[in-house]
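Inspection log for the structure reproduced underneath, given as structure tokens.
In my numbering, the protein residues as written are 3 to 779.
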């Protein structure tokens, strides 16, 4: 804080620091000493609702403290992974000429227990390949995790040294303090070093939970030569021997070395003691993590260790006083001077950034006019629109496509020659397809972040790009496209952290639908990502059926996230790989309804006694339209087809309505879905290529009889028609379900339902239309 971490006002732009999540009280304490936080705010720690005049979040949460914390790190493994991709993104900005980031450094603080999380070490090779010498990991090796030793029967520092060293990082070990230097100077035969290397971590932990006499006997006493070294030392002097991570001079030297640019990232392995200075009941104990209170004796010992001038009578066991040097004291002046010299306080987050110019409506013309007679998938429609967006003079250069090695699957390889794939090393080889129009092209100034088969790293890039408006005051628009099955299911925790970090951008779940990605089977076919996305309050989800819907959704997303009154949300849009004809945008389109989640796409021809409302999303709208025709021509039933662009947004509106009505019983309002279906006769049939729970979200706000159809269960490999017949979501199944609901209302006879089942043979997979087989994943 006093010498290395540079704030946002530093001429070089400031550093990004991923503080260890559980160290948040220390960051609050520092902010209190600097005068940034008051005693009242400290009293509100972990009381974010009940404390009347300010509070502090438990851990680093930018969403809860948007002017203070920058990076959420307390979900173990997220911090180190995101730090690597943040450092990489800094270089990306520089190489593209958007911002000079050469003097910005990324620091990540983590614990030795945290490295067991796969995400912690999974991307360290990327940092080496891209020569990220703007990155430093500081691993606090106190040898303990929550329940016990990290490597009781081993040595975690040596293990990490081999892992990082083998990956090509600079490794700096800060193991022993200066207190050990006289002993090491005597160690001419290497006995002490040998003893240090042979002693297990479990023993080192025990030493600090015992006494100086115990250390004399059980450490130094293992070898007569080392025992002789401390023969004339008191037990107290032996006990006071510190670990390297508690020696500020050695840490200063390590930090200084880490910021010297040498083409490699650096890791500092600092050996420490968990609970250091907190007293004998804390230091090195397995139960330290669960200990929330210090005894009066521990408090007094802590005061004495820090040489604080607080008399005994002011030390209350349950409410000890805060200590803060006077503003005109040398200590307070020093703190202020150092932070001023380094560019301001840390942590501090920039919460306001400039808006981006919005594209002209002509950008969306290609999706508004439909596909004519050509059959295209919504994925193709998205790519066409993306190509037009990146050409926009005001906003195009801000778009960053992020792809986890599926560009060709999504038809995005056409972007390679023009936008190029980012590589800090350029393209030093001759590409095998260099003579082709769609050749694979890498460039130092490339725009596309191609992450390989790596969804975790892709979300980390999405997070870095999507928070650029705050970290760099450079609003950028990430468009991360992936197999929808491998998004919120595979990397849900990272998406949750992105929401905490107030990330903005677009997440495109491609090859969506449990029956639409027909050849891939159980592991790939997504029938529930919208349900998972619904659990994230920052995610605005859409499941569009037609290209023109996609255009309005993206346009609104750009306005909401990058316009004058930008919101801290990000969009999840599912697109499919099944080709079909896309109609032109209808005249008098209900754009408000489209964006709120539902609009009437194909109304019934007339209001007959036998009526129904079919609600469908995504590819399901085509099934609904076919069912509408079957019902009309075969059974004399008039059904209206509604395009539900977002089941999730309709549910959120319903929940907000319920809360409003609970708090305002004399001023009640109706949910949007209720208003839309007001006066519409007949049962409501809700269908999508997702499990029924997605559609069931809106059931509480529908007064008519409600029936959902969905793809519950595991995915299978077969034709689209066979799969849809199996799950009973095809047009014939929708028609039969509608007739069943009408029979329940007494509007048709049971014999009609039976006749429909026999006519369509809905229990026979082989009777189903195989459907379009193009566009398989």
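Every residue gets a Cβ at the ideal spot worked out from N, C-alpha and C, and that includes glycine.
Does the distance from the CB of residue 646 to the CB of residue 618 come in under 8 angstroms?
yes
Tell me the rounded alpha-carbon separation between residue 1 and residue 641.
No information on residue 1 is available, as it lies outside the stretch 3 to 779 that the chain covers here.
Report the three-state DSSP secondary structure of residue 480 (helix, strand or coil).
strand
State the Cα-Cα distance for the pair residue 564 and residue 571, rounded to the nearest angstrom.
In a straight line, the C-alpha of residue 564 is about 10 angstroms away from that of residue 571.
C-alpha distance - residue 603 paired with residue 643, whole-angstrom precision:
Rounded to the nearest angstrom, the two C-alpha atoms are 6 angstroms apart.
Close-in-space but distant-in-sequence residues of the same chain around residue 390 (CB under 7 angstroms, 5 per side omitted)
Counting only Cβ-Cβ distances below 7 angstroms, and skipping sequence neighbours, we find 365, 368.
Whole-number beta carbon distance between residue 688 and residue 710, since they are thought to touch under 8 angstroms:
In this structure residue 710 touches residue 688 by the C-beta definition: roughly 5 angstroms separates them, less than 8 angstroms.
Quick one: Cα of residue 452 to Cα of residue 321, how far?
For residue 452 and residue 321, the distance between alpha carbons rounds to 54 angstroms.
Quick one: is residue 490 buried, meaning 16 or more other Cβ sit within 10 Å of its Cβ, or exposed?
buried
Determine the DSSP secondary structure at residue 635, reduced to helix, strand or coil.
Correct three-state label for residue 635: helix.
Could you spell out where the beta strand (DSSP E) holding residue 402 opens and where it closes?
401 to 405
Express the C-alpha separation of residue 679 and residue 396 in angstroms, rounding to a whole number.
41 angstroms
Is residue 649 helix, strand or coil by DSSP?
helix
Of all the beta strand (DSSP E) runs that stay within the bounds of the stretch 128 to 178, which reach a length of 3 or more residues?
137 to 143, 172 to 176
Judging by CA-CA distance, which residue of 518, 599, 488, 475 is the nearest neighbour of residue 15?
It is 475.
State the Cα-Cα distance for the pair residue 779 and residue 586, rounded to the nearest angstrom.
With a pLDDT of 45 at residue 779, under the threshold of 50, the modelled position of that residue is not reliable, and the figure given next carries that caveat. If you take the alpha carbons of residue 779 and residue 586, they lie about 27 angstroms apart.
Whose C-alpha, out of 324, 102, 315, 470, is nearest the C-alpha of residue 355?
470
For residue 273: DSSP bridge partner residues
143
Here's the rule I'm using: 16 or more other beta-carbon atoms within 10 Å means buried, otherwise exposed. How should residue 267 be labelled?
buried
Can you grab the Cα-Cα spacing for the pair residue 201 / residue 172, in whole Å?
25 angstroms
Quick check on residue 42: buried or exposed, where buried means 16 or more other Cβ atoms within 10 Å of its Cβ?
exposed
Buried or exposed by the 16-neighbour rule on C-beta atoms within 10 Å, applied to residue 579:
buried
For residue 264, the nearest candidate out of 163, 191, 138 (CA to CA)
138
So, helix, strand or coil for residue 9, using DSSP?
coil
What is the residue span of the beta strand (DSSP E) that residue 108 lies within?
That run of the beta strand (DSSP E) goes 108 to 113.
Name the residue from 332, 82, 20 whose alpha carbon lies nearest to the alpha carbon of residue 64.
20
Segments of 4+ residues assigned as alpha helix (DSSP H) that fall wholly inside the stretch 537 to 620
549 to 564, 593 to 598
Going by the DSSP bridge assignment, what does residue 18 pair with across the sheet?
108
Following a CB-centred definition, is residue 365 positioned closer than 7 angstroms to any heavy atom of the ligand SAH?
In the structure on display, the ligand SAH does not appear, and there are no ligands present to speak of.
Can you list, in chain order, the residues of its chain with a C-beta nearer than 8 angstroms to that of residue 302? Leave out the 5 residues immediately preceding and following it.
Its chain contains 314, 317 as the residues whose beta carbon lies nearer than 8 angstroms to that of residue 302, once the 5 sequence neighbours on both sides are disregarded; these appear in chain order.
Looking at the structure shown, is residue 385 part of a helix, part of a strand, or coil, going by DSSP?
helix
Residue 641 - partner residues in DSSP beta bridges:
For residue 641, the beta-bridge partners assigned by DSSP are 614.
Over what stretch of residues does the beta strand (DSSP E) that includes residue 689 continue unbroken?
Counting along the chain, the beta strand (DSSP E) containing residue 689 begins and ends at 686 to 689.
One question on the structure: do residue 423 and residue 448 come within less than 8 angstroms of each other, judged by their Cβ atoms?
yes
Mind checking which residues open and close the beta strand (DSSP E) that includes residue 512?
Taken as a continuous stretch (DSSP letters only), the beta strand (DSSP E) holding residue 512 covers 508 to 512.
Can you grab the Cα-Cα spacing for the pair residue 594 / residue 129, in whole Å?
Each residue's CA atom was taken as its position, placing residue 594 and residue 129 some 46 angstroms apart.
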